[in-house]
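Residue numbers (my numbering): 714 to 1046.
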């Protein structure tokens, strides 16, 4: 599907993209006394293929115990007339991939863990050849243990339609989140992924789990890490503007590993899921910005990752905001 864009509206609002996109995420508020400054390291590399995650931002702090993550519609969301989420393999080597996924689609098994009228949690088992890591993480819901899932989805009933608001891959720990569709839009795209927990590299960045427990009453995922400790990821709020997640950790990350990472793709400004990084440092007089691929790394109390310009791919994908970093003392207040 070809993207159509309301050029007049885009030009009228273009001058305010930088301010509006971050203001829409409720960033720029006066910093709280208990705010913790964390380190963000950039491990991104150039890439031609638009289907390969080449953006990697690692979030590091031995004191961190709590943070908030938001998926927020981009500032230009009201100018989008149509979008496309179909993959673009034009600059990619896919000689080893396509037929595997064709077979996977035919053999996928679907399972519903839990459901109410408003929310439900589903999982999918793929053939053993379809995913790059073994799917042996136990998933526990209401005391019942299930195994062998490659993909978990959280759904919500909204305007009498099923909306997928989060997707999670237990074998490697990747999460994706998005708000409800903006105004009368039928859907919006996923974009950047994120990892929660002790991030390590096994061919690519992952988080390894011993077990995952879902608590339906609070919409909380309890993450028990193979490297030790646990985290809690709670869906705090979702509406047509943003999805908000609260994250808590029991301890510091073992071995000084990152407590979170963002993964995304960037080929060019107009072919990307994440093109710009903006950050706020403690006691700084203003925000700083840099292209994602050249972001120098920073100490920050808040980080925004998104786009100012429209992309030919996943145009409606959300911006991602990492904020409200707190240490163990702030957690106990």
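The beta-carbon is built from N, C-alpha and C at its ideal position, and this holds for glycine as well.
The C-beta of residue 963 has fewer than 16 other C-beta atoms within 10 Å across all chains shown, which makes the residue exposed. Judged by their CB atoms, residue 801 and residue 1026 are nearer to each other than the 9 Å cut-off. For residue 979, the enclosing beta strand (DSSP E) covers residues 979 to 981. Residues of the same chain with a CB within less than 8 Å of the CB of residue 892, apart from the 5 flanking positions on each side, are 784, 785, 786, 878, 901, 951, 952, 953, 954, 955, 956 and 1031 in chain order. The beta carbon of residue 1012 lies closer than 8 Å to those of 750, 751, 752, 753, 994 and 995 in the same chain, with the five residues before and after it left out.
If you draw a straight line from the Cα of residue 757 to the Cα of residue 961, it is about 26 Å long. Under the Cβ criterion (8 Å, minimum of three pairs), the segment 973 to 980 counts as touching the segment 757 to 777. Counting only the Cα atoms, residue 967 lies some 14 Å from residue 772.
By the CB criterion at 9 Å, residue 991 and residue 1000 fall inside the cutoff. In terms of Cβ geometry, residue 946 and residue 909 form a close pair [threshold 9 Å]. Assigned with DSSP and collapsed to three states, residue 1003 falls in strand. Around residue 824, the same chain offers 836 as residues with beta carbons nearer than 6 Å, after the five sequence neighbours per side are excluded. Residue 932 is positioned such that its CB atom lies no closer than 9 Å to that of residue 907.
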